[in-house]
Amino acid sequence: MTQTLSKHQDALDRLESEAIHIFREVAGEFDRPVILFSGGKDSTVLLHLAVKAFWPAPVPFPLLHVDTGHNLDEVIEFRDRTVERYGLRLVVASVQDFIDDGRLEERPDGTRNPLQTVPLLDSITSNKFDAVFGGGRRDEERARAKERIFSLRNAFGQWEPRRQRPELWNLYNGRHRAGEHVRVFPLSNWTELDVWRYIQRENIDLPSIYFAHEREVFQRDGMWLTAGPWFGPNADEPVEQLTIRYRTVGDGSCTGAIRSDAADIEAVIAEVSASRLTERGATRADDRLSEAAMEDRKREGYF
Amino acid sequence: MGSAQRDLPNDLLRLATAGSVDDGKSTLVGRLLYDTKSVLADTLDAVHRASVDKGLSTPDLSLLVDGLRSEREQGITIDVAYRYFATPKRSFVLADTPGHVQYTRNTVTGASTAQLAVLLVDARKGVLEQTRRHAAVLALLGVPQLVLAVNKIDLVDYDEAVFEVIAKEFTDHATALGYPIGSVLSIPVSALVGDNVVDRSAHTAWYTGPTLLEHLETVPVEPDPHHAAFRFPVQYVIRTNTDEHRDYRGYAGQIAAGTVAKGDEIVVLPAGLRTTVARIDTPDGELDEAEAGRSVTLVLTDEIDISRGDLIASATESPAVTDEFSATLAWLSEKALKPGARVLVKHGARTVQAFVGELTTRFDEQKLSTVDSPEELKLNEIGQVGIRTAEPLPIDDYSVNRRTGAFLVIDPADGSTLAAGLVGAGLRALDAGESCIGGGETAFSPGP
Ligand SMILES: Nc1nc2c(ncn2[C@@H]2O[C@H](COP(=O)(O)OP(=O)(O)O)[C@@H](O)[C@H]2O)c(=O)[nH]1
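Order-wise, the sequence lines are chains Y and U. Residue 147 in my numbering sits at position 147 of the first sequence, with consecutive numbering throughout. Residue 309 in my numbering sits at position 309 of the second sequence, with consecutive numbering throughout.
Right, here's the structure in full:
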């Protein structure tokens with residue numbers, strides 16, 4: 001790499017160093033860490049930082065994808081390509097498997113994001129994962145503003161406000177009892193714009209759905225959803241061919257695209273800088289269910 | 001963050017806010033987010049709707065920052081919340097620390113990483129006991145810069161005399177705590193109306209200083225102790241053997257203090273072995289020199305046995321290696337500390353067993369003085385103790401180094417964090433009016 005390194009550290013350098021520090025702490029203190037990897041931009045940045053943290057050695061953890069089965073093809077292709085490029089092991093926890101064998105039931109609205117909790121926890125337990133890296137950021141939603149970088153979860157994956165530890169200096173306390181685990185959020189202090197600027201600076205590959213493209217979509221609850229195998233469109237939901245892009249990756253039945261002409265990273269950054277909607281508000285139906293939706297799901301162990 | 005053509009923020013400032021209930025802290029933080037256009041339309045719409053529901057004619061900006069549901073229901077905030085905003089000059093990470101319940105726990109947490117703290121007072125009430133306590137805790141934690149936001153200045157008719165009395169009283173108190181001139185600034189603000197938060201007020205012609213945001217954007221603060229002696233806790237040993245990297249062995253960590261350059265002589269502690277730095281590696285290439293705050297990997301000239309938890313330090317200015325030291329503890333657990341307690345101490349990347357000997361003094365926050373030989377240290381109390389560790393630790397005094405002078409006290413039974421620990425006699429110094437902030441090299445570049 002030919003980047004000229006200056007001694008001065010700008011805001012992104014500082015966020016990067018903080019995240020790398022967190023990865024190395026976990027590698028030093030936990031037995032079986034895993035990185036949640038969906039192929040989305042936050043988890044891709046997370047993986048990029050993990051690679052940097054242990055370079056030139058390989059990342060010493062596997063990846064875990066909680067697969068809703070409602071994926072855009074581009075994302076799964078990207079996921080597999082990325083896993084192969086870094087030579088990592090991918091564990092897939094499949095919502096579809098749980099529905100097929102009756103351990104989970106399809107919801108009437110068809111949304112599968114809330115169904116991810118059970119396969120996630122099952123995978124954590126059966127693989128004895130003790131630290132689970134997630135790409136969550138505190139700026140995403142109000143209920144996350146108090147989330148810790150090391151977030152202790154009980155044996156049911158639940159987040160108990162009372163047991164969360166004060167986080168002092170950059171000293172993280174990862175102690176946990178058998179059966180408990182810690183969710184770790186190295187991107188806690190990043191904003192959406194930081195993530196995009198870092199993607200640009202580091203030239204990080206992303207699934208093509210993040211950039212403007214033509215797609216057959218239909219409108220539901222004010223969001224543009226991809227016409228596809230999952231419940232849509234209904235008869236009263238006309239399909240249109242539009243230029244859109246996605247801002248987050250999630251269950252395709254409830255993750256909306258936005259109309260956008262931002263076809264490259266510069267255009268996306270310009271758009272995000274000027275944006276009038278937070279990414280979750282714009283694109284995730286399940287966060288709109290109630291004001292406290294995110295908090296409820298956190299208590300449930302989804303995050 | 002309105003327009004795209006602005007340059008990258010080139011700097012990161014971590015700050016904390018503190019104040020008593022109803023002084024207007026939520027409104028002030030909401031105002032900072034709102035006026036820096038860090039609030040997006042959907043969030044703002046929700047606030048507008050909620051404000052209308054409450055029968056208000058203008059948006060209640062405090063709703064922008066309110067957190068968990070239980071707190072929303074009770075209308076109080078009980079835990080540190082983090083907020084983010086940016087201007088073309090700087091990005092800000094704001095630790096919003098609630099003032100009433102568990103104020104020590106929250107203030108200590110927020111202050112531990114802060115380069116600056118904004119303390120709020122209500123202009124009608126002036127400097128309260130609570131304000132003094134907050135300032136004392138901030139001084140103890142070595143937060144290098146203080147801002148006193150004299151809020152609700154609209155409710156005292158923008159009266160300069162009222163402001164001056166409060167500003168002087170606070171500055172005197174801060175000076176007594178060890179804050180040099182230039183490290184404390186008082187600003188008359190109205191969070192509700194927006195005076196002097198981001199936009200300059202038309203009602204305070206007598207005030208010639210910067211607005212709060214202008215100050216935050218320009219105040220010179222070093223995020224890490226650059227000019228202190230080099231300290232590098234080894235977090236992880238990176239080993240690999242490929243064609244490109246034959247028998248690679250590097251020591252990974254984040255520089256806690258000072259700078260390191262290729263060829264520097266270093267000592268590995270606690271063992272005391274010496275060698276030199278052969279290379280400073282990063283995935284983006286080698287560095288000739290690296291500064292505090294950067295995560296790097298050091299390759300050393302000699303093969304010596306180094307593992308996680310060791311400290312690599314400047315050979316010429318190495319820290320004390322000791323298994324007995326005095327420390328100030330901010331007690332954060334409901335289980336009180338009694339002399340003789342067995343605990344774990346996490347210092348840098350090393351966790352060791354430890355024993356708390358005597359409790360020498362406790363900070364009496366009511367009188368702002370110390371009490372000798374307390375029987376115990378309860379939740380939210382601050383005290384001076386003697387600590388003995390099972391293995392020697394390379395420690396610095398907290399007043400010299402906020403990173404290698406800090407440690408956690410952990411409960412060996414349930415793993416909870418019991419206390420924030422500061423190496424040295426910070427508490428005694430606080431009592432005598434010469435707190436931690438004085439020593440920390442860069443800590444104090446006098447303000448504009
Ligand atoms: N007149 C006036 N009222 C204010 C100002 N700042 C806050 N308030 C009001 O003071 C009350 C408490 O404010 P809030 O931000 O909730 O206080 P907190 O408890 O410190 O977070 C609310 O009714 C605010 O509208 C100000 O600058 N001027």
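The C-beta atom is built at its ideal place from N, Cα and C for all residues, glycine as well.
Does any CB atom of chain Y fall closer than 8 angstroms to the CB of residue i?
{"i": "Val21 (chain U)", "result": "no"}
{"i": "Lys346 (chain U)", "result": "yes"}
{"i": "His455 (chain U)", "result": "Beyond the ends of chain U as shown, which are 1 and 448, falls residue 455 (chain U); an answer cannot be given."}
{"i": "Asp79 (chain U)", "result": "yes"}
{"i": "Gly258 (chain U)", "result": "no"}
{"i": "Pro98 (chain U)", "result": "no"}
{"i": "Ala252 (chain U)", "result": "yes"}
{"i": "Ala406 (chain U)", "result": "yes"}
{"i": "Thr442 (chain U)", "result": "Because Thr442 (chain U) sits at a pLDDT of 31, beneath the cut-off of 50, its placement in the model cannot be relied upon, and the point is left open."}
{"i": "Asp305 (chain U)", "result": "no"}
{"i": "Glu291 (chain U)", "result": "yes"}
{"i": "Ser399 (chain U)", "result": "no"}
{"i": "Gly447 (chain U)", "result": "A caution first: Gly447 (chain U) carries a pLDDT of 29, below 50, which makes its placement in the model too unreliable to give a value."}
Report all residues from its chain with a CB closer than 8 angstroms to the CB of residue i; omit the five preceding and five following residues, and keep chain order.
{"i": "Ala262 (chain Y)", "result": "Phe211, Ala212, Arg245, Val268, Ala270 and Glu271"}
{"i": "Ala135 (chain U)", "result": "Leu119, Leu146, Phe170, His173, Ala174 and Leu177"}
{"i": "Lys52 (chain Y)", "result": "Glu16 and Ile20"}
{"i": "Ser273 (chain Y)", "result": "Leu193"}
Kindly indicate the opening and closing residues of the beta strand (DSSP E) around residue i.
{"i": "Phe85 (chain U)", "result": "Ala81 to Ala86"}
{"i": "Gln254 (chain U)", "result": "Tyr248 to Gln254"}
{"i": "Tyr236 (chain U)", "result": "Tyr236 to Thr240"}
{"i": "Glu324 (chain U)", "result": "Ala320 to Trp331"}
Following a CB-centred definition, is residue i positioned closer than 7 angstroms to any heavy atom of ligand 1?
{"i": "Thr27 (chain U)", "result": "yes"}
{"i": "Gly293 (chain U)", "result": "no"}
{"i": "Ser62 (chain U)", "result": "yes"}
{"i": "Ser190 (chain U)", "result": "yes"}
{"i": "Lys37 (chain U)", "result": "no"}
{"i": "Val147 (chain U)", "result": "no"}
{"i": "Val198 (chain U)", "result": "no"}
{"i": "Lys152 (chain U)", "result": "yes"}
{"i": "Leu155 (chain U)", "result": "yes"}
{"i": "Gly126 (chain U)", "result": "no"}
{"i": "Val352 (chain U)", "result": "no"}
{"i": "Gly19 (chain U)", "result": "yes"}
{"i": "Val80 (chain U)", "result": "no"}
{"i": "Val162 (chain U)", "result": "no"}
Between residue i and the rest of its own chain, which residues show a CB-CB distance below 7 angstroms, the 5 nearest in sequence each way excluded?
{"i": "Leu206 (chain Y)", "result": "Lys41, Thr44 and Ile199"}
{"i": "Leu12 (chain Y)", "result": "Asp194, Arg197, Tyr198 and Arg201"}
{"i": "Ile312 (chain U)", "result": "Phe232, Val234, Tyr251, Ile266, Val268 and Leu298"}
{"i": "Gln116 (chain Y)", "result": "Val66, Thr68, Val95 and Tyr302"}
Using a Cβ-Cβ cut-off of 6 angstroms (strictly less than) and excluding sequence neighbours within five positions of residue i, which residues of its own chain qualify?
{"i": "Pro33 (chain Y)", "result": "Val26, Phe61 and Ala131"}
{"i": "Thr82 (chain Y)", "result": "none"}
{"i": "Pro412 (chain U)", "result": "Leu344"}
{"i": "Asn106 (chain U)", "result": "Val80, Thr97 and Pro98"}
{"i": "Leu277 (chain Y)", "result": "Low confidence applies here, because Leu277 (chain Y) scores a pLDDT of 49, under 50, leaving its location unreliable and the question unanswered by this model."}
{"i": "Leu33 (chain U)", "result": "Val39, Leu64 and Phe85"}
Return no unless some Cβ of chain U is closer than 8 angstroms to the Cβ of residue i.
{"i": "Phe54 (chain Y)", "result": "yes"}
{"i": "Asp130 (chain Y)", "result": "no"}
{"i": "Ser17 (chain Y)", "result": "yes"}
{"i": "Trp159 (chain Y)", "result": "no"}
Along the alpha helix (DSSP H) that carries residue i, what are the first and last residues, could you check?
{"i": "Ser208 (chain Y)", "result": "Element bounds for Ser208 (chain Y): n/a, residue is neither H nor E."}
{"i": "Ala390 (chain U)", "result": "That residue, Ala390 (chain U), is in no alpha helix (DSSP H); its beta strand (DSSP E) goes Ile382 to Ile395."}
{"i": "Asn106 (chain U)", "result": "Tyr103 to Ser112"}
{"i": "Gln96 (chain Y)", "result": "Val95 to Asp100"}
{"i": "Tyr172 (chain Y)", "result": "Premise fails: Tyr172 (chain Y) is in no alpha helix (DSSP H) and is neither H nor E."}
{"i": "Ala131 (chain Y)", "result": "No alpha helix (DSSP H) contains Ala131 (chain Y), which is instead part of the beta strand (DSSP E) from Ala131 to Phe133."}
{"i": "Asp22 (chain U)", "result": "Careful: Asp22 (chain U) lies outside any alpha helix (DSSP H) and carries neither H nor E."}
{"i": "Ser307 (chain Y)", "result": "A question about residue 307 (chain Y) goes unanswered here, because the residues of chain Y that appear run from 1 up to 303."}
{"i": "Gln130 (chain U)", "result": "Glu129 to Leu140"}
(message) Quick test of the definition: if touching needs 3 or more C-beta pairs under 8 angstroms, does the region 132-142 of chain Y touch the region 98-111 of chain Y?
(response) no
(request) Take every Cβ of the region 311-324 of chain U, pair it with every Cβ of the region 385-403 of chain U, and state whether three or more of those distances are shorter than 8 angstroms. (result) yes
(message) Whether or not the region 417-425 of chain U and the region 326-345 of chain U are in contact is what I'm after, with contact meaning three or more pairs of Cβ atoms, one per stretch, closer than 8 angstroms; do they touch?
(response) yes
(message) Would you call the region 287-306 of chain U in contact with the region 266-275 of chain U, where contact means no fewer than 3 C-beta pairs closer than 8 angstroms?
(response) yes
(message) Does the structure place the region 70-88 of chain Y close enough to the region 167-178 of chain Y that three or more beta carbon pairs sit under 8 angstroms?
(response) no
(message) Is it the case that the region 19-28 of chain U contacts the region 110-129 of chain U, given that we only count it when at least three CB pairs across the two stretches are under 8 angstroms?
(response) yes
(message) With three or more C-beta pairs closer than 8 angstroms as the rule, is the region 179-188 of chain Y touching the region 147-167 of chain Y?
(response) yes
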